[in-house]
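Participant: If you scroll down you'll find the structure; I have some questions about it.
Listed below in structure tokens is the structure:
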């Protein structure tokens, strides 16, 4: 990966973290997603809306993918990159595959999320292989401040179960 490409991806991951922080400030959960084309054009964004929508599938990545296809009148985003503030759970990895995502990039990995009370490692156990081995390229890109949305969430709530 060229330095320019990595710098561009870093900016997009930082944007995902920024969106996550905004959502936490508004009372939400610290996860966000951005769907981008190979040329860097943003196709859709989203944040975790499970509580707001009372929809267990309204994870940030799913919401971002739904928004991308709605905004662009298609059923898939073949070849796109999904950028997430936190590593996707198994559901989100699977949805990314269905939508044709080629690459998933995330700031906080599953272990970091678990340290802040968001332990979704159990979601991977139902599959024979870890989602990172499903044929979708993954990159962990922990930008500066990637833990801040989680820290702010806990500071505002005191607990993930509030």
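Residue numbers (full-length UniProt numbering): 1 to 162.
No residue lacks a Cβ here, since even glycine has one placed at the ideal position from N, Cα and C.
Measuring only the C-alpha atoms, how far is residue 102 from residue 58?
Facilitator: The straight-line gap from Cα to Cα measures roughly 21 Å.
Participant: Between which two residues does the alpha helix (DSSP H) carrying residue 31 extend?
Facilitator: Element bounds for residue 31: n/a, residue is neither H nor E.
Participant: Look up residue 161 in the DSSP assignment and say whether it is helix, strand or coil.
Facilitator: In this prediction, residue 161 has a pLDDT of 49, which is less than 50 and means its spatial position is unreliable; nothing more can be read from the coordinates.
Participant: Would you call the CB atoms of residue 123 and residue 90 closer than 9 Å?
Facilitator: In contact: residue 123 and residue 90 (Cβ atoms closer than 9 Å).
Participant: Do residue 64 and residue 34 have their CB atoms nearer than 9 Å?
Facilitator: yes
Participant: If you count every other CB in all the chains shown that lies within 10 Å of the CB of residue 95, and 16 or more means buried, which is it?
Facilitator: Buried, since its Cβ has 16 or more Cβ neighbours within 10 Å.
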